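Peer 1: Here you go, one structure.
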Amino acid sequence: MNATSKNSFTPIIKLGITLALYAVAACAILAIVNYITLPIITANKKHDSDSAMKRIFNTATSFEEITDFDTDNNSINNLYLAKEDGKTIGAVVQVTGATYDKARIILGVSKDLTIKKMEFLELSDSPGFGLKASDSQYKGKNGKTFYDQFTSLPATSKLVIGQDIDAITGATITTQGVTALVKKGCALLTSILGSEN
Amino acid sequence: MSNKLVIFTNGFIKNNPLLVLNIGLCSALGVTSSVFNGFGMGFSMMFVLLMSEIVISLFRKFIPSAVRLPIFIIIIAAFTTIVQLLLQAFLPSLFKALGVFLPLIVVNCIIMGRVESFASKNTVINSVLDALGMGLGYTIVLVLISLIREVLGGGTILSGTPFCLTLLPESYRIGLFNSAPGGFLVFGFLAAVVQNIKKEKDS
Amino acid sequence: MLEICSIFIKSAIIDNVVLLQYLAICPFIGMTGDTKKALGMGLATTFVIMLATIVTWPLYNYVMVPLGLEFLQTLLFILIIAALVQLVEFFLKKKVVSLYNSMGVYLALITTNCAVLGVTINCISKNYSYALSIVYAFGTALGFIISMVVMSIVRSRLKLAKVPKAFAGTPILYICASLLSLAFLGFKGLIK
């Protein structure tokens with residue numbers, strides 16, 4: 001009895017060990033490749049957000065990161081104070097969230113609590129519809145691109161679509177989604193800059 | 001020698017994976033709205049196919065038949081992940097453009113199919129030829145589809161690269177080709193053309 | 001509540017997985033010859049998609065991220081899906097033999113169904129919560145069933161139609177898919 005059950009077990013164990021060996025080898029190789037590429041990928045991301053921050057606050061001489069802030073999930077990150085010669089001139093943050101698909105924006109608010117600028121870092125909505133929001137060639141009714149509409153609006157503004165913000169025809173959801181992201185960022189930056197005083 | 005040539009050209013028209021065997025279709029329609037993406041996807045898939053066929057052909061005597069499918073999956077997934085990481089580090093624009101279709105290379109029926117039916121039973125050199133042939137057949141179709149879709153739909157060629165040229169002014173562009181129905185349409189016509197070529201060759 | 005409804009409708013109809021996201025085309029072309037088979041395939045795939053999302057979401061968010069193992073996402077997800085399909089095959093062989101026999105090799109091919117892996121990856125990349133992921137998975141699976149059944153009905157009509165000789169066989173199916181996709185594009189304005 002014992003001999004037969006042992007016989008039916010050993011091939012399964014052998015198969016299991018072979019499978020495990022292949023799996024371990026694959027994971028090891030992947031870990032090596034990941035180890036090599038991870039610094040490059042992180043450096044790429046940092047370079048992208050650093051240059052984006054400089055585009056928003058082009059007179060800033062340094063950026064100070066703030067890491068302890070209240071956030072519900074990881075949709076808000078890269079919160080920095082923009083400083084010119086040691087004095088805070090504003091704050092900048094990245095907000096990620098759902099639009100028609102999803103978007104990642106970088107938003108800057110000046111010390112006087114007006115929106116400095118908003119830019120798209122990523123937008124994966126439909127080309128010809130929602131993607132127009134990040135298109136520098138698309139000019140809305142007031143002659144501005146979609147993202148330039150937010151410049152100089154008060155950061156405490158309700159950002160009502162139709163009044164403060166012109167929607168993109170055929171891309172209402174994108175408009176609503178992006179405006180919600182800007183509102184979220186503004187709320188956080190206003191409270192940060194308020195407590196800076 | 002001619003046997004090797006047969007293996008190599010097998011994937012071009014006679015057994016073109018996309019237009020004749022009708023496998024691996026998802027990526028053919030999903031990333032072909034621009035030529036750069038089509039090229040990128042074609043080469044990524046070819047890399048995974050080539051490396052997977054090489055490894056599986058090398059180890060074909062050490063892969064027990066009962067667990068061969070999980071082992072194939074592990075090997076193909078490993079190379080897919082390697083391509084993902086390399087692209088994310090060195091060609092981030094292509095990485096973002098390919099989106100979810102890049103990790104989906106692992107479930108590309110072409111790779112699974114060739115590995116199971118060819119690489120596990122043939123020598124390494126033959127497997128290399130098979131992989132290159134199938135990969136090129138796949139890439140050529142992808143580039144053809146994206147050429148038509150990008151030129152007629154977007155009016156540009158090679159957008160996303162520094163060599164971008166605008167060929168059609170805005171009013172002559174047919175938006176249909178950029179979107180999903182256009183992809184199916186172009187594919188259907190290409191499939192019909194190849195089917196006709198095959199019929200004439202056979203008759 | 002509103003978000004759940006809109007994600008459900010979005011994933012099932014507005015962003016239909018086959019006709020507008022280009023996923024799961026292989027079974028769409030290969031298994032829609034018979035409406036019953038198409039429905040069976042759709043239901044089996046739904047089961048796998050739901051199970052896969054339920055298992056992979058917590059695995060990624062509670063195990064892989066804290067351990068810094070995100071790069072193993074592709075490998076682990078597809079292995080889990082393969083294991084789940086094996087389980088489903090085993091279950092069907094024992095309990096619903098007729099369905100198992102009629103599906104044949106296509107049951108194992110659910111593993112390579114782009115939609116299954118696609119849904120699990122999308123849930124992670126779109127940062128959905130667990131509940132939203134399950135809704136998204138269910139919506140996508142429903143959209144898959146809808147497109148499979150509609151295509152099989154179209155194909156049954158196609159048998160009686162005069163198809164140009166050049167397109168006979170598979171090419172005409174792509175033209176049909178193109179028209180179906182065009183029709184579904186009309187839903188884009190459904191959720192304003």
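Residue numbers (our numbering), protein chains in the order written: chain A, 1 to 197; chain B, 1 to 203; chain C, 1 to 192.
We treat Cβ as the ideally placed atom computed from N, Cα and C, and that holds for glycine.
Since the structure is predicted, the reported quantities are computational estimates derived from the model, not experimental observations.
Taking the alpha carbon of C:T74 as the reference point, which residue from B:T81, B:T139 and B:A192 has its own alpha carbon closest?
Peer 2: Nearest C-alpha to C:T74: B:T81.
Peer 1: Within 10 angstroms of its Cβ, does A:M1 collect 16 or more other Cβ (buried), or is it exposed?
Peer 2: Because A:M1 sits at a pLDDT of 47, beneath the cut-off of 50, its placement in the model cannot be relied upon, and the following sentence gives the value as read from the coordinates. It is exposed - the Cβ of A:M1 has fewer than 16 other Cβ atoms within 10 Å.
Peer 1: Using the beta-carbon of each residue, which ones in chain D are nearer than 8 angstroms to A:N78?
Peer 2: You won't find chain D in this structure, because its protein chains are A, B and C.
Peer 1: Is the stretch 168-187 of chain C touching the stretch 177-197 of chain B in the sense that three or more CB pairs, one from each, lie closer than 8 angstroms?
Peer 2: Flag = yes, the stretch 177-197 of chain B and the stretch 168-187 of chain C touch.
Peer 1: Under a Cβ-count criterion, where at least 16 other Cβ atoms within 10 Å of its own Cβ denotes burial, should C:N16 be classed as buried or exposed?
Peer 2: So C:N16 counts as buried.
Peer 1: Does chain C have any CB closer than 9 angstroms to the CB of B:A192?
Peer 2: Judged by the 9 angstroms Cβ criterion, B:A192 is in contact with chain C.
Peer 1: Which residue marks the beginning of the alpha helix (DSSP H) containing A:R104, and which one marks its end?
Peer 2: First-last for A:R104: K102 to S110, but that is the beta strand (DSSP E), not the alpha helix (DSSP H).
Peer 1: Report the residues of the stretch 17-38 of chain A with a CB closer than 7 angstroms to any CB of chain C, ordered along the chain.
Peer 2: Taking 7 angstroms as the Cβ-Cβ cut-off against chain C, the residues of the stretch 17-38 of chain A that qualify are A26, C27, L30 and N34.
Peer 1: Counting contacts by CB-CB distance shorter than 9 angstroms, is C:L190 in contact with chain B?
Peer 2: Not one chain B Cβ lies under 9 angstroms of C:L190.
Peer 1: Which chain A residues sit within Cβ distance under 7 angstroms of B:A66?
Peer 2: Going along chain A in sequence order, the residues near B:A66 (Cβ under 7 angstroms) are L15.
Peer 1: What residues of chain A sit near B:P92, judged by a beta carbon separation below 7 angstroms?
Peer 2: In chain order: N44.
Peer 1: Drop a sphere of 10 angstroms on the beta-carbon of A:C186, count the other beta-carbons inside from all chains shown, and report buried for 16 or more, exposed for fewer.
Peer 2: Label assigned to A:C186: buried.
Peer 1: Between the Cα of B:L142 and those of B:G183, B:V67 and B:N3, spot the shortest distance and give me the residue it belongs to.
Peer 2: Closest option to B:L142, Cα to Cα, is B:G183.
Peer 1: Please go through the same chain and pick out, in chain order, the residues whose beta-carbon is closer than 7 angstroms to the beta-carbon of C:W194, but skip the five residues on each side of it.
Peer 2: Coverage of chain C is limited to positions 1 through 192, which leaves residue 194 of chain C absent and any answer about it impossible.
Peer 1: Do the CB positions of B:N108 and B:S57 come within less than 9 angstroms of each other?
Peer 2: Against a cut-off of 9 angstroms, the Cβ pair of B:S57 and B:N108 comes out as no contact.
Peer 1: Could you give the first and the last residue of the continuous beta strand (DSSP E) run that contains A:G97?
Peer 2: Here the beta strand (DSSP E) through A:G97 covers K87 to A98.
Peer 1: Would you report the Cα separation of B:V67 and A:I32, rounded to the nearest angstrom?
Peer 2: Their Cα atoms are separated by approximately 26 angstroms.
Peer 1: Against chain B, with Cβ distances strictly below 9 angstroms, would C:F47 count as a contact?
Peer 2: Chain B, which has no Cβ nearer than 9 angstroms to the Cβ of C:F47, makes this no.
Peer 1: How is A:A61 classed by DSSP in three states: helix, strand or coil?
Peer 2: For clarity, residue 61 of chain A is Thr in the given sequence; the question names Ala instead. Reduced to three states, the DSSP call for A:T61 is coil.
Peer 1: Helix, strand or coil for C:A44 per DSSP?
Peer 2: Helix at C:A44.
Peer 1: Under 9 angstroms, Cβ to Cβ, is there at least one residue of chain B near A:I40?
Peer 2: With 9 angstroms as the cut-off, A:I40 counts as an interface residue toward chain B.
Peer 1: Please compile the residues from chain A whose C-beta is within a distance smaller than 9 angstroms of the C-beta of B:P70.
Peer 2: By Cβ distance, chain A contributes L19, Y22 and A23.
Peer 1: Indicate the three-state DSSP secondary structure (helix, strand or coil) for A:N44 in the structure shown.
Peer 2: A:N44 falls in the helix class under three-state DSSP.
Peer 1: Roughly how many angstroms lie between the CA atoms of A:I192 and C:V65, to the nearest whole one?
Peer 2: One C-alpha to the other measures close to 29 angstroms.
Peer 1: Answer with buried or exposed for B:Y138, where buried requires no fewer than 16 other C-beta atoms within 10 angstroms of its C-beta.
Peer 2: Classification of B:Y138: buried, given that the 10 Å Cβ count is 16 or more.
Peer 1: Span of the beta strand (DSSP E) holding A:K116?
Peer 2: That run of the beta strand (DSSP E) goes I115 to L123.
Peer 1: With a threshold of 9 angstroms between beta carbons, is B:M41 in contact with chain C?
Peer 2: Judged by the 9 angstroms Cβ criterion, B:M41 is not in contact with chain C.
Peer 1: State the DSSP-derived secondary structure class of B:V6, mapped to helix, strand or coil.
Peer 2: In the structure shown, B:V6 sits in a helix (DSSP, three-state: H, G or I).
Peer 1: In this structure, how does DSSP classify A:M1 when only helix, strand and coil are distinguished?
Peer 2: With a pLDDT of only 47 at A:M1, under the threshold of 50, the placement of this residue in the model should not be trusted, and no figure is reported.
Peer 1: Let me check understanding here. Comparing Cα to Cα, which of C:G68, C:V88 and C:Y22 lies closest to C:T140?
Peer 2: For C:T140, the nearest C-alpha among the options comes from C:Y22.
Peer 1: Assign B:F163 to one of two classes, buried (16 or more other C-beta atoms within 10 Å of its C-beta) or exposed (fewer than that).
Peer 2: Under this definition B:F163 is an exposed residue.
Peer 1: Taking the alpha-carbon positions, what's the B:F62 to B:S2 distance?
Peer 2: The alpha-carbon atoms of B:F62 and B:S2 are separated by roughly 30 angstroms.
Peer 1: State buried or exposed for A:R104, treating a residue as buried only when at least 16 other CB atoms are found within 10 Å of its CB.
Peer 2: Buried is the call here.
Peer 1: Within the 9 angstroms Cβ cut-off, does B:T139 reach chain C?
Peer 2: With 9 angstroms as the cut-off, B:T139 does not count as an interface residue toward chain C.
Peer 1: My output table needs one value for B:I157: the three-state DSSP class, helix, strand or coil.
Peer 2: If DSSP states are grouped into helix, strand and coil, B:I157 belongs with the strands.
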